[in-house]
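Since the structure comes first, as structure tokens, the remarks are kept for the end.
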Ligand code: SF4
Ligand code: SF4
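Written out as structure tokens, the structure reads:
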């Protein structure tokens, strides 16, 4: 990894060079009932709309590389024969500008599932190959528990990572594209005092975390507490709305529907992101539902994130961004659920 520093005022120049591509970054979307700013990822045309001081976005950026809905293929009858068309939907390079460490680590986890297996997902892969990622430092919020999940720092999965140090940006460079990009602005090697300032910034961030999840022996505890009554208690609160999966940067489960037009000349297969909390998630052909009760569905979401994924990849599928708890109308949060399971009697 290479390091550079540049004055904060140079950031607009960096943005303008990248603006030859589509840029997606944090923008302000409004305010909540307490007057606090609400942010989300959106296409940024003007540097002044980019809000790098954002706390957390409502949704993750996954919609830009794992859309909520996309056609997997379409079929048309022509000259008495079926013709199939597949469009991966990766038309133009995309710059993700201002991702926090947790969201970069979420991408790294999605890569393992969607690109690393025997059947890589070409729809996702084509979009990922067409991306330039600029990470940005954050200020931990009261609901962030990324430190517990080991995702408060990103070591890979970005081109450039920027840490704000008053009037300077400390830049971590992981790709030749990022290196050549920085050659076009006023930047230089950091000196030893700036290395120290960067480390001090990291230490200051570490001390700001409030939320915490004890992950020690968690897979074993989840196995032991599979029948714990506390799952039913959380299930009674859960509205089975699926919001948690929609905002989560690592939820990737999906369903596929086939649509055929009325005259049988055109058909398409549509994939849509789904949530294991939705009532019909485990319904199979014949109508049987393997998880008809909300607590069984909620429990499986936790077992996928904190047990099954750990068994497969030796890391959790949760990055501790806190979005699910922030968006949940039933106020169900990961730290509270895990703590209650650990405390089961
Ligand atoms: S945990 Fe919350 S957000 Fe998720 S399905 Fe239940 S009520 Fe909805
Ligand atoms: S489960 Fe919740 S806290 Fe964990 S990554 Fe998903 S949205 Fe973030």
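Numbering (my numbering), first residue to last: 5 to 349.
Glycine is no exception: its CB is placed at the ideal position from the N, C-alpha and C atoms.
**Opening and closing residue of the beta strand (DSSP E) in which residue 266 lies** = Walking along the chain shown from the start, residue 266 turns up at place 262. Under the DSSP assignment, residue 266 falls outside any beta strand (DSSP E); it carries neither an H nor an E label.
**Message:** Using a Cβ-Cβ cutoff of less than 6 Å, which residues in the same chain neighbour residue 29 once the five nearest sequence positions on both sides are dropped?
**Reply:** Within the chain shown, residue 29 is the residue found at index 25, counting from 1. Around residue 29: 48, 54, 101, 102.
**Asked** When the Cα of residue 135 is compared with those of 94, 344, 113, which residue comes out closest?
**Response** By one-based count along the chain shown, residue 135 stands at place 131. When only C-alpha atoms are compared, the closest one is 94.
**Asked** Which of helix, strand or coil does DSSP assign to residue 103?
**Response** Here residue 103 corresponds to residue number 99 of the chain shown, with the count starting at 1. Correct three-state label for residue 103: strand.
**Prompt:** Looking at residue 308 and residue 332, is the spacing between their C-beta atoms short of 8 Å?
**Reply:** In the chain shown, the residue the question calls residue 332 occupies position 328. In the chain shown, the residue the question calls residue 308 occupies position 304. In this structure, residue 308 does not lie closer than 8 Å to residue 332 by Cβ.
**Prompt:** Do you know offhand how far residue 199's Cα is from residue 192's?
**Reply:** Looking up residue 199 in the chain shown gives position 195. Looking up residue 192 in the chain shown gives position 188. When only Cα atoms are considered, residue 199 and residue 192 end up about 13 Å apart.
**Prompt:** Who pairs with residue 78 in a beta bridge, going by DSSP?
**Reply:** Counted from its first residue, the chain shown places residue 78 at position 74. For residue 78, the pairing in a beta bridge is given by DSSP as 89, 272.
**Item:** Stretch pair the stretch 251 to 264 + the stretch 110 to 123: three plus CB contacts closer than 8 Å
**Value:** Because the criterion of three Cβ pairs below 8 Å is met, the stretch 251 to 264 and the stretch 110 to 123 touch.
**Asked** Using the beta-carbon count (16 or more within 10 Å), is residue 77 buried or exposed?
**Response** Within the chain shown, the letter at position 73 stands for residue 77. When all chains shown are included, residue 77 counts as exposed.
**Through-space distance from residue 229 to residue 140, alpha-carbon basis** = Taking the chain shown and counting its residues from 1, one reaches residue 140 at position 136. Taking the chain shown and counting its residues from 1, one reaches residue 229 at position 225. Taking the straight line joining both Cα atoms gives about 38 Å.
**Asked** In whole angstroms, what separates the C-alpha of residue 347 from that of residue 59?
**Response** Along the chain shown, one-based indexing puts residue 347 at 343. Along the chain shown, one-based indexing puts residue 59 at 55. The alpha-carbon separation between residue 347 and residue 59 amounts to approximately 31 Å.
**Prompt:** Where does the unbroken beta strand (DSSP E) through residue 138 begin, and where does it stop?
**Reply:** To locate residue 138, count along the chain shown from 1; it is residue 134. 135 to 140 is the extent of the beta strand (DSSP E) around residue 138.
**Request:** Classify residue 250 as buried or exposed, calling it buried when 16 or more other Cβ atoms lie within 10 Å of its own Cβ.
**Result:** Here residue 250 corresponds to residue number 246 of the chain shown, with the count starting at 1. Answer is buried; the Cβ neighbour count reaches 16.
**Asked** Would you report the Cα separation of residue 275 and residue 70, rounded to the nearest angstrom?
**Response** Taking the first residue of the chain shown as 1, we reach residue 275 at position 271. Taking the first residue of the chain shown as 1, we reach residue 70 at position 66. Approximately 10 Å, taken between the alpha carbons.
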